[in-house]
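Q: If you scroll down you'll find the structure; I have some questions about it.
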Amino acid sequence: MEKLFDKLRKHFKKGGGLNKLYPLFDAAESFFYLPGVVTKGGPHLRDSLDLKRYMSIVIIAIIPTLLWGIYNTGYHSLATAKNSPHFTQAIIQGLIILMPIIIVSYAAGFFWEILFASIRRHPISEGFLVTGILFPLTLPPTIPLWQVALGISFGVVIGKEVFGGTGHNFLNPALTGRAFLFFSYPAYICGDNIWIKPANIAKNTIDAISGATPLSLLNQYGQDVDIEGALNGAGYTLAELARGTYPGSIGETSSILCLFGALILIVTGVANYRIIIGGILGLLGAGFILNMIAPSFANPWLGLNPLYHLLMGGFLFGIIYMATDPVSAPGVNTSRWIYGILIGCLTIVVRVFNPAYPEGVMLSILFMNLIAPLLDHFVIEFKLKNRMPNV
Amino acid sequence: MISLTIKKGYNLNLAGSPLKNIIELKTPDHVALTPCTIPFIKPKLLVKKGDPVRVGDPLIFDKRNPEIKYLSPGSGMVKDIKLGPRRLIKEIVIALDKKEKYVDFQQFSKGEIDEIDRSRLIDALISGGLFQMFKQFPHGDIPDPNHVPPKIYVHLDNSDPFHPSHGVYLDKKYTLFQYGMTVIKKLSEFVICYAKIQKEAGESGELTDFLTHSIKGNYPSDDPFVVLYHTKQSINENKSWYISGQDLLLVAELLKTGAYPTQRLFCVSGNYPENRSYIKSRLGAPVSHLIKKISKTDKYEFISGGIFKGRKIEYDSYMGMFETSVYLLEKGDKKELFGFLRPGYNKPGNSKTFLSVFNKGPFKIDSNQHGELRGCINCSFCADVCPVDILPQFAMKAIHCKEIEEAVSHGILDCAECGLCSYVCPSKIEVTDIIKQAKRDYSGLSYK
């Protein structure tokens, strides 16, 4: 194999016919072989961790939610036709529905990555491996494939590459893509109706299945409703929400598996625990405060137990996999706490006070992405004030 | 004695630590003065090829301050003057005579040293060619002799792997060291002398008389920059001087005996089984004299002056004036199939992404970079290890935007140049180099 690469190299080198595609060759080679680059100056040894390893850990942490997404999608798809489908059937059905989405996401995204890498002569970054899988997991399984391609293209090009590629973007590319779809084609993605892809499309139309995701359920009720009762009545009990056996966006439903992913990310140190814990605390804290002021307002959402907020919708998926993206998150530990807590609070605020958007976590993370540099600025300024100058 | 614990930093358990024995080598055929290892010097030659020299005869002087001369570490004939790129003087090689002649410098007895005034002492140090053993913050440049430093830091240890520990080189030399401390106290009102005290070694009581601080912590907690950062009380102290324990012994020897000292204790370590130990040899000894029986020299990198802060040298070159260690590092120029997917029980690192978290080491390492250059992803791993609390990723970005003032307010002048930020960077950015360069640019020094 090493020989094969050596043989091919001359075509991609300067003067070779495929010189323009050198980043592609480089990416393929460095995928198989860790390059034998030797340190030039001090320090003369380097940490074994590189960006490839870093990003692979994120992918490993995503795999449980991905597998659950495959099973869950397949299960609900088949459940429309018959009762309690078999496990393997559900998996196969899930794969049939989801594989095209994931493949399209990777293919369209890689096209842009390679195009930009070739023109701007920078190596293809590993960051896209994560973006390419995170993006489809935030989508409902009913999403049309052309929207997947459009969304990831927007996310990669506008969210990242126009600013110079991985490390220079200030928004999370996967969420940028999702936000684009959310505002352009709200009917498909805003979460008013549940997302089940029926098993037999010839006989059923999408319209045949109507229902509400837990978050949109309550917007359909008027005021003075017992929200918890309504949720439980619809089958969305706390245990159910934690298990994730309800239809939703592909990756978000199982809170337990998201937390398992968080454990991997925190133990390996890839994600900063301050953001995740701060986010959960912020959400619960804001929820409790709203509970306290609930009796004096008519909005029934105010009184909802914040544990429901924690487990419902994509909050855990967002705070664990999206908010912890180091590039778009702040870089100082103090501001990471603030960032996490504010994401939690904002999610509650959007969910409770804005009935137009049943899900608030995407918008609050993107909004906090914008605020992150400002947070860093003030925290660093404060830190430097206490530092003895050296001039 | 104040105990100082430094929390940040990083400890790597490396394979190839030196054995505890001390080997005394025969005198080598050649020794050399290596001007390229002297910080910021603009050297001017005082000898030419074929000249006879004695131990202590000046070979070069510094054009920036012509008083500061660098003396010959051997007696014999100037055999060769090797020039490096851009006609930089690399080495002045001296072929040693069988019977060596010494230049006579003034001797000071213990009583005379107690009475001597500062300017006479400085003159004696300058003429003896060892004033330059003192270095000044924040660049490690040779200080101005007329400047009275607010403090002098004497660092007995260097945890950059691997240097002779104070227990080894101070053995039976406590009286000389005491003499050296008297000298230092003449130069500055405040002297901070510190070491890493290991309890199990059974530290002798003699040392505790001199020590003001005992240091605990990972590499580079015993670096003078780090101790300065953690002990300074006023901005003024940033102009302090520092000197290493072994260099102080040379200074003391010069003043006490009146002869230019030529003995050095080196530490030879690394991925090479034989000859790993402390070695007594000459100042400016050839590397090939310290490390013998190496057949394939291109398989190794020779690192002198510590793995983190040192430099790469060639097998046929000479030890620098201030350097006391050589580490043999395996050259890591081999490709590794699916390197990033391996469990990595033997892959050391600061992160917990490899199974090496369960491995306490010692780790066998090579000089591979373990990855390719990428953009900074703001993971702040560098800030987590920085011993002087710089936020290297933000300082680096400020430097990229030519906001040098902002970078300085981030504290880059406190930078110990320990290399840990470059070490931990998953994007393999040369953070230390970028900060070091900016530091030099800010002060108008040329960077080597």
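So the sequence lines, in the order shown, correspond to chains S and H.
FYI, in my numbering the residues of the first sequence are 1 to 391.
FYI, in my numbering the residues of the second sequence are 392 to 839.
Note that beta-carbon positions come from the ideal geometry of N, C-alpha and C, so glycine has one too.
(1) Going by the CB atoms, is the gap between D50 of chain S and P734 of chain H shorter than 9 Å?
(2) Sorted by chain position, which residues of the same chain lie with C-beta nearer than 7 Å to L305 of chain S's C-beta, five sequence neighbours on each side aside?
(3) Does the CB of Q760 of chain H have a neighbour CB from chain S at under 9 Å?
(4) Within 9 Å of any Cβ in chain H, is that where the Cβ of I119 of chain S sits?
(5) Using the DSSP secondary-structure output, state which residues sit across from Y709 of chain H in a beta bridge.
(6) Under 9 Å, Cβ to Cβ, is there at least one residue of chain H near H86 of chain S?
(7) Classify I119 of chain S as buried or exposed, calling it buried when 16 or more other Cβ atoms lie within 10 Å of its own Cβ.
(8) Taking 9 Å as the threshold (beta carbon to beta carbon), is L45 of chain S in contact with chain H?
(9) Hey, V659 of chain H and M524 of chain H: beta-carbon distance below 9 Å or not?
(10) Whole beta strand (DSSP E) runs in the segment 405-484 of chain H with 3 or more residues, listed along the chain?
(11) What number of angstroms, rounded off, separates the C-alpha of Y610 of chain H from the C-alpha of S550 of chain H?
(12) Between Q527 of chain H and chain S, is there a C-beta pair that is closer than 9 Å?
(13) Any idea which residues DSSP pairs A262 of chain S with across the strands?
(14) Tell me whether the segment 439-449 of chain H and the segment 699-708 of chain H touch, counting them as touching only if at least three CB pairs, one residue from each stretch, are closer than 8 Å.
(15) Taking 9 Å as the threshold (beta carbon to beta carbon), is V815 of chain H in contact with chain S?
(16) Per DSSP, what kind of secondary structure is D724 of chain H in: helix, strand or coil?
(17) Taking Cβ to Cβ, would you say I606 of chain H is nearer than 9 Å to D613 of chain H?
(18) Among residues of its own chain, excluding the 5 on either side of I201 of chain S, which ones have a beta-carbon nearer than 7 Å to its beta-carbon?
(19) Could you round the C-beta distance between M712 of chain H and T396 of chain H to whole angstroms and report it? I think they count as a contact, below 8 Å.
(20) Apply the 10 Å Cβ neighbour rule to P326 of chain S and answer buried if 16 or more other Cβ atoms are within range, or exposed otherwise.
(21) Does any residue of chain S bring its CB to less than 9 Å from the CB of A774 of chain H?
(22) What runs of the alpha helix (DSSP H), each 4 residues or longer, lie entirely inside the segment 622-706 of chain H?
(23) Listed from N- to C-terminal order along the chain, which residues in the segment 603-630 of chain H have their beta-carbon within a distance smaller than 7 Å of any beta-carbon of chain S?
(24) For A239 of chain S, does the count of other Cβ atoms within 10 angstroms reach 16, so buried, or fall short, so exposed?
(25) For I338 of chain S, which residues of its own chain have a beta-carbon under 7 Å away from its beta-carbon, when the five flanking residues on both sides are left out?
(26) Have a look at S:T268, S:I343, S:F353 and S:I189 and flag the residue whose alpha-carbon is nearest the alpha-carbon of T142 of chain S.
(27) At a cut of 8 Å, does the segment 105-112 of chain S reach the segment 74-92 of chain S through at least three beta carbon pairs?
(28) Among the residues of its own chain, which have a CB less than 6 Å from the CB of G127 of chain S, if the five just before and after it don't count?
(29) Within the 9 Å Cβ cut-off, does L836 of chain H reach chain S?
(30) For E396 of chain H, report the span of its beta strand (DSSP E) as first-last.
(31) Helix, strand or coil: which one does DSSP assign to I62 of chain S?
(32) State the Cα-Cα distance for the pair P677 of chain H and H546 of chain H, rounded to the nearest angstrom.
(33) Given a cut-off of 9 Å, decide if V779 of chain H and Y620 of chain H are closer than it, judged by their beta-carbon atoms.
(34) Check whether the Cβ of E113 of chain S lies closer than 9 Å to any Cβ atom in chain H.
(35) What is the rounded straight-line gap between the Cα of K738 of chain H and the Cα of K647 of chain H?
(36) Check whether the Cβ of P35 of chain S lies closer than 9 Å to any Cβ atom in chain H.
A: Based on what the coordinates show:
(1) no
(2) A small fix is needed here, since residue 305 of chain S is Asn in this sequence, not Leu. Contacts found: E228.
(3) yes
(4) no
(5) H:P677
(6) no
(7) exposed
(8) yes
(9) no
(10) 413-415, 421-424, 434-436, 449-453, 456-462 and 467-474
(11) 6 Å
(12) no
(13) Paired residue(s): none; A262 of chain S is not in a bridge.
(14) no
(15) yes
(16) coil
(17) Contact: yes.
(18) Its pLDDT being 39, under 50, I201 of chain S is placed unreliably by the model, and the measurement read from it follows with that caveat. Nothing meets the Cβ criterion.
(19) Contact between M712 of chain H and T396 of chain H fails: their C-beta atoms lie close to 33 Å from each other, not under 8 Å.
(20) Buried, because 16 or more other Cβ atoms sit within 10 Å of the Cβ of P326 of chain S.
(21) yes
(22) 636-648 and 678-681
(23) K623, I626 and N629
(24) That one is exposed.
(25) L375
(26) Comparing Cα-Cα distances from T142 of chain S to each of S:T268, S:I343, S:F353 and S:I189, the minimum goes to S:I189.
(27) no
(28) Excluding positions up to five away in sequence, the list reads T166.
(29) Taking 9 Å as the threshold, the shortest C-beta distance from L836 of chain H to chain S does not fall below it.
(30) Glu is not the amino acid found at residue 396 of chain H; the sequence shown has Thr there. It spans I393 to I397 - the beta strand (DSSP E) in which T396 of chain H sits, taken as one unbroken run.
(31) helix
(32) 26 Å
(33) yes
(34) no
(35) In a straight line, the C-alpha of K738 of chain H is about 49 Å away from that of K647 of chain H.
(36) By this cut-off, P35 of chain S is an interface position.
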